[in-house]
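Asks: My structure is below; once you've seen it, I'll send some questions.
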Amino acid sequence: SNVGMPCGSYVEPKTVWLPAVKAKGLEISGTVARRMGTIQMELTLSNKAMQVMTDFAIQFNRNSFGLAPAAALQVHTPLSPNQTIDVVLPLSTVGPVMKMEPLNNLQVAVKNNIDVFYFSCIYPISILFVEEGRMERQVFLATWKDIPNENEAQFHIKDCRLNSDAVSNKLQNNNIFSIAKRNVDGQEMLYQSMRLTNGIWVLAELRMQASSSSYMLSLKCRAPEVSQFVFQSYEAILKN
Amino acid sequence: EIDDGLDEAFSRLAESRSNP
């Protein structure tokens, strides 16, 4: 069990983003991860064509949080038929911004010596939670009061049996910080904060009933359109 | 938790949320 132990941040398993049939034999699978404060795209490139592939480059369309490659795609050697390589591409969040649908959608173009190929991928919003996301308690209380009720969104997290310390630890490994814990009538209430790379703060109340395996998550944010993506990240973090 | 004098405020918040 990982209870009480630092176990790293949640990283989605790689999925196929570009099937070989759509890219003249180039297959790309990948994931976007946050590791030690750095956001990176982790790619596996497979050459399923009959010819060598060279001259790789990558470009992103503008996107909701300004994600952009922070370096060139490093594929040093030609990729032979049937060869597969893993590549890590560091990302920055200071690229051009345009609101995407859904918000966490990223459109990517990859070129090689054969052609240019396009694909879309979805990344977990938790990669954008910064290490400096612990809000001061006084500021939290004032902000919680200040954000109007119509900006509050509520979600159920079902089938989760972790205790509140395990929950806090798992979330903190993903830069979701518990700043207060209260027990009221047998319910554990955790008050939490996180900050996105673009400066948006999200405040959370996680309510856990001892008798139930379902948690209630209430999120308050001045940009409430991010809330459903934050909920998705809570689910992924707590259930993995 | 650090005793910053806000413990009571969080208790009030939690109670108001539990019993609106």
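Chains as they are written, first to last, in my numbering: chain A, 1 to 240; chain B, 1001 to 1020. A virtual CB, placed ideally from N, CA and C, is assigned to each residue, including glycine. Because the structure is a prediction, the values reported are computed rather than measured.
According to DSSP, what are the bridge partners of residue 27 of chain A?
Replies: To locate residue 27 of chain A, count along the first sequence from 1; it is residue 27. Looking at the DSSP assignment, residue 27 of chain A forms a beta bridge with A:46.
Asks: With a threshold of 16 other CB atoms inside 10 Å of the CB of residue 191 of chain A, please say whether the residue is buried or exposed.
Replies: What you label residue 191 of chain A is simply residue 191 of the first sequence in a count that begins at 1. Its Cβ being crowded by 16 or more others within 10 Å, residue 191 of chain A is buried.
Asks: Taking 7 Å as the limit between beta carbons, can you name the residues of its chain near residue 41 of chain A, skipping five residues before and five after?
Replies: Within the first sequence, the letter at position 41 stands for residue 41 of chain A. Result list for residue 41 of chain A: 30, 32, 89, 91, in chain order.
Asks: Given residue 164 of chain A, which residues of its chain have a CB within under 7 Å of its CB, disregarding the five upstream and five downstream residues?
Replies: The residue given as residue 164 of chain A occupies position 164 in the first sequence. For residue 164 of chain A, where only same-chain residues beyond five positions count, the Cβ hits under 7 Å are 181, 188, 190, 208.
Asks: Would you list, in chain order, the members of the region 179-191 of chain A that have their beta-carbon closer than 9 Å to a beta-carbon of chain B?
Replies: So the list reads 179, 180, 181, 182, 183, 184, 185, 187, 189, 191, given in the order they occur along the chain.
Asks: Which residue's Cα is closest to the Cα of residue 143 of chain A: B:1013, B:1018, B:1019?
Replies: Counted from its first residue, the first sequence places residue 143 of chain A at position 143. Residue B:1013 is the option with its Cα nearest to residue 143 of chain A.
Asks: What three-state label does DSSP hand residue 18 of chain A in the structure shown?
Replies: Translated into positions along the first sequence, residue 18 of chain A becomes position 18. Residue 18 of chain A: strand per DSSP, three-state reduction.
Asks: Enumerate in chain order the residues of its own chain whose CB-to-CB distance from residue 20 of chain A is below 8 Å, with the five nearest sequence positions on each side excluded.
Replies: Here residue 20 of chain A corresponds to residue number 20 of the first sequence, with the count starting at 1. Closer than 8 Å at Cβ, skipping near neighbours: 26, 27, 46, 48, 49.
Asks: Which residues of chain B have a Cβ atom closer than 9 Å to the Cβ of residue 141 of chain A, listed in chain order?
Replies: On the first sequence, position 141 is the one that residue 141 of chain A refers to. Under the 9 Å cutoff, chain B gives 1006, 1009, 1010, 1013.
Asks: Nearest-angstrom Cα distance between residue 170 of chain A and residue 237 of chain A?
Replies: By 1-based counting over the first sequence, the position of residue 170 of chain A is 170. By 1-based counting over the first sequence, the position of residue 237 of chain A is 237. Roughly 7 Å separates the two Cα atoms.
Asks: Does the contact criterion of 3 or more C-beta pairs under 8 Å hold for the region 200-216 of chain A versus the region 101-108 of chain A?
Replies: Verdict: no, contact absent.
Asks: Mapping the DSSP letters down to three states, classify residue 69 of chain A as helix, strand or coil.
Replies: Counting from 1 along the first sequence, the entry for residue 69 of chain A is found at position 69. Three-state result, residue 69 of chain A: strand.
Asks: Of the residues A:193, A:184, A:159, which one's Cα is nearest the Cα of residue 175 of chain A?
Replies: Residue numbering aside, residue 175 of chain A sits at position 175 when the first sequence is read from its first letter. Considering only alpha carbons, the answer is A:193.
Asks: Give the range of the beta strand (DSSP E) segment to which residue 51 of chain A is assigned.
Replies: By 1-based counting over the first sequence, the position of residue 51 of chain A is 51. Here residue 51 of chain A belongs to no beta strand (DSSP E), and DSSP marks it neither H nor E.
Asks: Taking the alpha helix (DSSP H) that residue 137 of chain A falls in, what are its first and last residues?
Replies: Sequence index remark: in the first sequence, residue 137 of chain A carries index 137 (1-based). Looking at the DSSP string, the run of the alpha helix (DSSP H) that includes residue 137 of chain A is 137-146.
Asks: Chain B partners of residue 152 of chain A, CB-CB under 8 Å?
Replies: Numbered from its first residue, the first sequence carries residue 152 of chain A at position 152. Residues of chain B passing the Cβ test: none, with the nearest at roughly 11 Å.
Asks: Give the residues of chain B in contact with residue 201 of chain A, contact being defined as C-beta atoms less than 8 Å apart.
Replies: On the first sequence, residue 201 of chain A is found 201 positions in, with the first residue counted as 1. In chain order: nothing, as chain B lies at least about 17 Å away.
Asks: I'd like to know if the region 124-132 of chain A and the region 70-78 of chain A are in contact, where contact means that at least 3 CB-CB pairs between them fall below 8 Å.
Replies: Output reads no: the region 70-78 of chain A does not touch the region 124-132 of chain A.
Asks: For residue 237 of chain A, report the span of its beta strand (DSSP E) as first-last.
Replies: Here residue 237 of chain A is taken as the residue at index 237 of the first sequence, counted from 1. Not the beta strand (DSSP E): residue 237 of chain A falls in the alpha helix (DSSP H), residues 227-238.
Asks: Could you pull the DSSP bridge partners for residue 90 of chain A from this structure?
Replies: Start at 1 with the first residue of the first sequence, and residue 90 of chain A comes out as number 90. The partner list for residue 90 of chain A (beta bridge, DSSP) reads A:40.
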